[in-house]
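Colleague: Note that the numbering used here numbers the sequence shown so that position 239 is 239, with each residue one more than the last.
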Amino acid sequence: MNRMIVVGINESAAGETALAWAMHRAENVKSPVTLMHTVYETWLADGYGYYDSILDAEKKLLADAGVRAAALAPTVVVHTELRTGSAPRVLSELSKDADLIVVGTDRKSRVEGELFGSVSLQIAALGTCPVAVIPSLPESERTGVYVGVDGSADSVAAVAFAAAEADRTGQELFALYAVHLPTRRVLRSIPADAVTERMEEERVVLAESVAGLSARYPDLVVHQVLETDESPARALVAAARHAQLLVVGSRGRGSLQRLLMGSVSHEVLLHITCPTIVTRTTHK
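#1: Within a Cβ cutoff of 6 Å, which residues of the same chain sit near VAL39, ignoring the five residues on either side of it in sequence?
#2: Quick check: the Cα distance between SER12 and VAL205, rounded to an integer number of angstroms?
#3: Are there three or more Cβ pairs, one per stretch, closer than 8 Å when the region 8-28 is compared with the region 73-84?
#4: Compare the beta carbon distance of LEU173 and VAL221 with 8 Å and say whether it is the shorter of the two.
#5: Please confirm whether TYR146 and LEU213 have their CB atoms less than 8 Å apart.
#6: Say the cut is 7 Å; is the CB of THR17 nearer than that to a heavy atom of the ligand SAM?
#7: Sort ALA175, SER31, ALA18 and SER263 by Cα distance to ASP99 and report the nearest one.
#8: Mapping the DSSP letters down to three states, classify ARG142 as helix, strand or coil.
#9: Do ALA235 and ARG142 have their C-beta atoms within less than 8 Å of each other?
#10: For the beta strand (DSSP E) that ARG83 lies in, which residues bound it at each end?
#11: Can you list, in chain order, the residues of its chain with a C-beta nearer than 7 Å to that of ALA166? Leave out the 5 residues immediately preceding and following it.
#12: Going by DSSP, which residues form a beta bridge with ILE277?
#13: Have a look at SER255 and VAL119 and give me their C-alpha separation to the nearest angstrom.
#14: Classify SER152: buried if its beta carbon has 16 or more other beta carbons within 10 angstroms, exposed otherwise.
#15: What does the alpha-carbon distance come out to for the pair SER53 and SER140?
#16: What is the rounded straight-line gap between the Cα of LEU55 and the Cα of ASP229?
#17: Within the continuous alpha helix (DSSP H) that includes GLN122, where are the two ends?
#18: Under the three-state reduction of DSSP, which class applies to LEU137: helix, strand or coil?
#19: Under DSSP, the alpha helix (DSSP H) around GLU267 begins and ends at which residues?
#20: To which residues of the same chain is SER95 closer than 8 Å at the C-beta, ignoring the five residues directly before and after it?
#21: Under the three-state reduction of DSSP, which class applies to LEU220: helix, strand or coil?
#22: Could you say which of VAL210, SER136 and VAL33 lies nearest to ILE14 if we only look at CA atoms?
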């Protein structure tokens, strides 16, 4: 049996979408599921009159989620777990023994730029296993698995994960590499053959990123997409708007090693347009 899928439970619309997504996946890959909810310690100070009522309410939240999970996927073994502490910290601890962490994420207000929740960002940054961030978006037909590539070790891990998912679900794989070109003013100062040579080098990076996939997955259709008009994050967000899944590495070739999550994956999650999985490669 595969290792467990851990689902962060709350009362949001995105949380419900994440639960449904996680149960569907668990049923397909035959993984047990742990539904996890947290309560801050400050609300559970012993001796206060509301101690028991808070615990009862949170236990009911989990129990109700367990009922919905069983209805969504009757064959999946489901456990519930109530813990104290912050969701990012608790889920990061559980990620050490999990196959996948699944959380929902909601848009904020227009005043805040219509970005997505900070809690899901923290969980994606701290998790030691892949983290699936599931937004609550209008239903639409979604096809294709997209993955961001840049030649880094994290990119290699992301491509491997995305290819396995695409093959398992019968989707086509789109490997997207966004190359940042200088401004037109700067380009005018660079010999045309130098630009052509550089672009050929980048096409090699893209080709090497998906090399060997056809041998491992004979039925998998792989598309190589080289993007030069957008930044990597913007290109991925736009390309995957109607995707079934987007996969990004936690850090890329250009991010600082001290960061838990690179700027590209961070920006993708801020403007998420489809279910997105952040994979992680352990860096020593």
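Here a beta-carbon is modelled for each residue, glycine too, at the ideal position from N, C-alpha and C. Since the structure is predicted, the reported quantities are computational estimates derived from the model, not experimental observations.
Modeller: According to the data block:
#1: Position 39 of the sequence shown, counted from the start, is the residue given in the question as residue 39. Same-chain partners within the cutoff: GLU58 and THR84.
#2: Taking the first residue of the sequence shown as 1, we reach residue 12 at position 12. Taking the first residue of the sequence shown as 1, we reach residue 205 at position 205. Put simply, the backbone Cα of SER12 is about 41 Å away from that of VAL205.
#3: Contact between the region 8-28 and the region 73-84 is present, because at least three Cβ pairs lie under 8 Å.
#4: The sequence position of residue 173 within the sequence shown is 173, counting from 1. The sequence position of residue 221 within the sequence shown is 221, counting from 1. The answer is yes: Cβ separation under 8 Å.
#5: For the purposes of this step, residue 146 is taken as the residue at position 146 of the sequence shown. For the purposes of this step, residue 213 is taken as the residue at position 213 of the sequence shown. Result no, Cβ atoms of TYR146 and LEU213 do not sit closer than 8 Å.
#6: In the structure on display, the ligand SAM does not appear, and there are no ligands present to speak of.
#7: As a working mapping, residue 99 is identified with position 99 in the sequence shown. Just measuring C-alpha positions, the residue of ALA175, SER31, ALA18 and SER263 sitting nearest ASP99 is SER31.
#8: Counting from 1 along the sequence shown, the entry for residue 142 is found at position 142. Secondary structure of ARG142 (DSSP, three-state): coil.
#9: Working through the sequence shown from its first residue, we reach residue 235 at position 235. Working through the sequence shown from its first residue, we reach residue 142 at position 142. No Cβ-Cβ contact shorter than 8 Å links ALA235 with ARG142.
#10: Counting from 1 along the sequence shown, the entry for residue 83 is found at position 83. First-last of the beta strand (DSSP E) with ARG83: 78-84.
#11: In the sequence shown, the residue the question calls residue 166 occupies position 166. Excluding positions up to five away in sequence, the list reads VAL145, GLU172, LEU173 and LEU220.
#12: In the sequence shown, counting from the first residue as 1, residue 277 sits at position 277. According to DSSP, which records beta bridges pairwise, ILE277 is partnered with ALA132 and VAL247.
#13: Along the sequence shown, one-based indexing puts residue 255 at 255. Along the sequence shown, one-based indexing puts residue 119 at 119. Note that SER255 has pLDDT 38, beneath the 50 cutoff, so the model's placement of it is unreliable and no number is given.
#14: Position 152 of the sequence shown, counted from the first residue, corresponds to residue 152. The residue in question, SER152, is buried, as its Cβ has 16 or more Cβ neighbours within 10 Å.
#15: Here residue 53 corresponds to residue number 53 of the sequence shown, with the count starting at 1. Here residue 140 corresponds to residue number 140 of the sequence shown, with the count starting at 1. Distance from the CA of SER53 to the CA of SER140, rounded to the nearest whole angstrom, comes to 40 Å.
#16: In the sequence shown, the residue the question calls residue 55 occupies position 55. In the sequence shown, the residue the question calls residue 229 occupies position 229. For LEU55 and ASP229, the distance between alpha carbons rounds to 52 Å.
#17: If you number the sequence shown from 1, residue 122 lands on position 122. Run containing GLN122: 118-126, per the alpha helix (DSSP H) assignment.
#18: Sequence index remark: in the sequence shown, residue 137 carries index 137 (1-based). The answer is coil: DSSP assigns LEU137 none of H, G, I, E or B.
#19: Mapped onto the sequence shown, residue 267 falls at position 267. First-last of the alpha helix (DSSP H) with GLU267: 263-270.
#20: Position 95 of the sequence shown, counted from the first residue, corresponds to residue 95. Sequence-distant Cβ neighbours of SER95 in its own chain, meaning closer than 8 Å and more than five residues away, are VAL6, ILE101, LEU126, GLY127, THR128, CYS129 and VAL131.
#21: Here residue 220 refers to the residue found at position 220 of the sequence shown. Note: LEU220 maps to coil in three-state DSSP.
#22: Residue mapping note: residue 14 aligns to position 14 of the sequence shown, counting from 1. The question names Ile, but residue 14 is Ala in the sequence shown. Taking the Cα of ALA14 as reference, the smallest distance to any Cα among VAL210, SER136 and VAL33 is reached at SER136.
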